[in-house]
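Residue numbers for the sequence shown follow this note's numbering, so the first one is 142 and each next one is one higher.
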Amino acid sequence: MDRPGDRPMRNRMVSEDSCEDSCEDTDGELLDAAPRRKPQSRARWLGLSCCFFASVGLMMHGLLREWTDAGVLNVVTWNIAAINNNPFEYWITHNDADYNKLMEDVQTFIDAPGERDVLVSQVFTPAMFGELKALMGARQWPGLDAVEERWTSDLSQRKIISGFLKDSALGEKRLTSMPDRVTNTINVAGGGVANRPTVINCFGGDMSSIPSWWAEWKGFMFEKALALPGRDGGVTQTIPASMLAKIKRSKYPAITEAEENISVPLQTLAQAIFDAVLVHVVNSVSPGAKWQRLQQQMCDALNRRKNERTLAILARTYSDATIIFLQETASVFVKTTEAHPTLASRFFLAKAATLDAKRDQNSIVLLSRAFFNEATLAEHTSAVMGGFDKSVPVADGDLLVVSVDDLMGRKYLLASFHGDTNGLATLPVLAALHKLALTMPEHRLVFGLDANTYEVGSGSKQGVAEFATAFVLDGYTSCWGDRPDPKSDTTYNARTFLQPQLQKAARIDEKVSKGDKNPKDFILFSKNAFTLQAATKDNTGERRYITDMVFPTLSFPSDHGIVAASLAVR
Ligand SMILES: *[C@@H]1O[C@H](CO)[C@@H](O)[C@H](O)[C@H]1NC(C)=O
């Protein structure tokens, strides 16, 4: 490709190189001799001009380096992953042996409880049910007698593990997962969150025994009103119990009509039992509530300070990048990046004109100020979004497409994309992006994405080999070549037993078979625009990838590795 911007500098480099030796020879002489001996030979003049160019060359040294670097783009892509409310949800790699012991003991308790599989009424007692019924009655909720009937004849008689936690019908009816979604972690007005007292979030109050947890739980759900952001910037006072909504049979066919009618008090009861059982399990295996100290430590690393840690990795290890594609960024992350001393001075941010604030997961791009011309930035997301069918599972915020020129006037088309869990949107998005790229032939395409592809594809999951066939056919290649190694994963995570979807839990020896260990993250680029110089992946934040290590870890806060590639401009 023609690179007009290179030429003047190339010429200067040649001048400097060609006279280097003679300049050194004449340097000392010129300094004292030149003023006295006016008539000078042609040779001396040559020497003088040589030295002039040499000093220009020296002054320009930094700039020269940049010009040389202008032939190489250091590209990074990272799905930083949305903040998870439950620090226990996935197995993490933890250097405290107590963590592994806790998780293994919980696994054993839930997997093979034996005589520890006691009746629900022994953990969530009839007296506690009576208190709960009174609190619900005070809210004038209808259907409480029917709920009491369900409690007496059914729920209280179930075993805590086999009959309750592992009951798939309760799961299909969403009786514990729905209220958990609403009350697990509630964003309050003016920033900050309120946590339901449960094991599966960052609640920091006393849960070292059932009575202390129950006092907290009642207070949270029914007594203390929260200030929630209301319409038009206002604030509304609400107790969490009144945020619960009916579970509709039309949406969740497993629930009966009678259950739908009483689904608000029924889910409240199911939630109370679920939370009580988990508090019972963790305190049984972790006396002295060491589990809660581990929980709080993980909350600090993976939850409360997650944005800070993510930004620190970018600033420490990747601040020399030319392009950083990021996925699943929340609006608060975007704001923090724009105010970050290192990152904001080195990069400008490309983001959608309207960030998706509801789901709050956005794909963005950081562009080096030393390389790109911010004034040329233009967005093309809607042109690509309009290029595929509405049934393709791309949510608002998942895709960002921009064009930008570098400081030498070369043009780029850049896309940052977060694929749906099964990767089914990846091929349609690639095709639509390719279609746009064909209309912009002077632009060099670079595409950073979490393709959500799998080692082995199936009818419901996008395989990595088929993805590669598709991008090669369109004239692209990847940082992992034309045929990425299906075993070279960029994710490795597995669910623990401390989360509501127990059917997905992996025992410690099932982390691979039931885990998500897949090649998901890619940098794609036009074959005729770039040559790949190097590619690395990283799950430590230090440009190193430890294979067979589940992550996140306390020092690496995402469940996706960072992928980096050096692309030489052709
Ligand atoms: C559910 O509630 C509706 C409306 O109140 C009522 O007509 C219906 O009979 C109830 N169904 C059951 C099974 O209780």
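Glycine included, C-beta positions come from ideal geometry on N, C-alpha and C. Bear in mind that the values here come from a model prediction, so they are computed numbers and not experimental data.
With distances taken between CB atoms, is the gap from residue 557 to residue 571 smaller than 9 Å? With respect to residue 571, residue 557 sits apart: the two C-beta atoms are not nearer than 9 Å.
Taking the CB atoms as reference points, tell me whether residue 503 and residue 493 lie closer together than 9 Å. Yes, the Cβ-Cβ distance between residue 503 and residue 493 is below 9 Å.
For residue 399, is the beta carbon positioned less than 8 Å from some heavy atom of ligand 1? Taking 8 Å as the cut-off, the C-beta of residue 399 counts as close to a heavy atom of ligand 1.
Just reading off the alpha helix (DSSP H) that residue 358 is part of, what are its end residues? 351-359
Go ahead and pull the three-state DSSP assignment for residue 637. Three-state result, residue 637: coil.
So what's residue 286 in DSSP terms, helix, strand or just coil? helix
For residue 218 versus residue 694, is the C-beta distance shorter than 9 Å? No, the Cβ-Cβ distance between residue 218 and residue 694 is not below 9 Å.
With DSSP as the reference, please indicate the residues paired to residue 379 in a beta bridge. Here residue 379 is bridged, per DSSP, to 367.
Could you give the C-beta distance for residue 611 and residue 625, rounded to a whole number, given that I count them as a contact under 8 Å? That belief does not hold up - the Cβ atoms of residue 611 and residue 625 are roughly 12 Å apart, past 8 Å.
Check each candidate in 638, 364, 690 and 591 and name the one with the smallest Cα separation from residue 420. 638
One question on the structure: do residue 506 and residue 466 come within less than 9 Å of each other, judged by their Cβ atoms? yes
In chain order, which alpha helix (DSSP H) runs of at least 4 residues are fully inside the region 382-421? 398-402
Grab the span of the beta strand (DSSP E) containing residue 312 for me, first residue to last. Counting along the chain, residue 312 falls outside any beta strand (DSSP E), though it belongs to the alpha helix (DSSP H) covering 309-313.
Would you report the Cα separation of residue 464 and residue 451, rounded to the nearest angstrom? 16 Å
Where does residue 305 sit, in a helix, a strand or coil, going by DSSP? helix
From what residue to what residue does the alpha helix (DSSP H) around residue 484 run? 482-487
How many whole angstroms separate the CB atoms of residue 544 and residue 521, which I take to be in contact at a CB cut-off of 8 Å? 6 Å
Is residue 402 close to ligand 1? I mean its beta-carbon at under 8 Å from any heavy atom of the ligand. Yes - ligand 1 has a heavy atom lying nearer than 8 Å to the Cβ of residue 402.
Any alpha helix (DSSP H) of 4 or more consecutive residues that is wholly inside the region 480-564: 482-487 and 522-526
To the nearest angstrom, report how far apart residue 583 and residue 666 are at their CA atoms. 14 Å
Could you give the DSSP three-state label for residue 342: helix, strand or coil? In this structure, DSSP gives residue 342 a state outside helix and strand, which the three-state scheme calls coil.
Do you know whose CA, among 640, 481 and 380, lies nearest residue 363's CA? 380
Within its chain, find whatever has a CB closer than 6 Å to the CB of residue 477; leave out the 5 residues flanking it on each side and keep chain order. 448
In its own chain, which residues sit with a C-beta less than 6 Å from the C-beta of residue 548, not counting the 5 before and 5 after it? 514
Which class does residue 711 belong to by DSSP, given the choice of helix, strand or coil? coil
By the 10 Å Cβ neighbour count, where 16 or more other Cβ atoms means buried, how is residue 542 classified, buried or exposed? buried
N-terminal and C-terminal residue of the alpha helix (DSSP H) that residue 458 is part of: Per DSSP, the continuous alpha helix (DSSP H) segment holding residue 458 begins and ends at 447-458.
Cα separation between residue 324 and residue 337? The C-alpha of residue 337 is placed about 6 Å away from the C-alpha of residue 324.
Quick check: the region 255-275 against the region 642-654, are there 3 or more CB pairs under 8 Å? no
Quick one: using the 10 Å Cβ neighbour count with 16 as the cut-off for buried, is residue 345 buried or exposed? exposed
If you check the beta carbons only, do residue 231 and residue 435 fall under 9 Å apart? no
To the nearest angstrom, how far is it from the Cα of residue 249 to the Cα of residue 259? 15 Å
Ligand 2 and residue 316: does the residue's C-beta get closer than 8 Å to at least one heavy atom of that ligand? Although ligand 2 was asked about, the structure shown includes only ligand 1 as ligands.
Classify residue 585 as buried or exposed, calling it buried when 16 or more other Cβ atoms lie within 10 Å of its own Cβ. buried
Classify residue 658 as helix, strand or coil using the three-state DSSP reduction. Strand.
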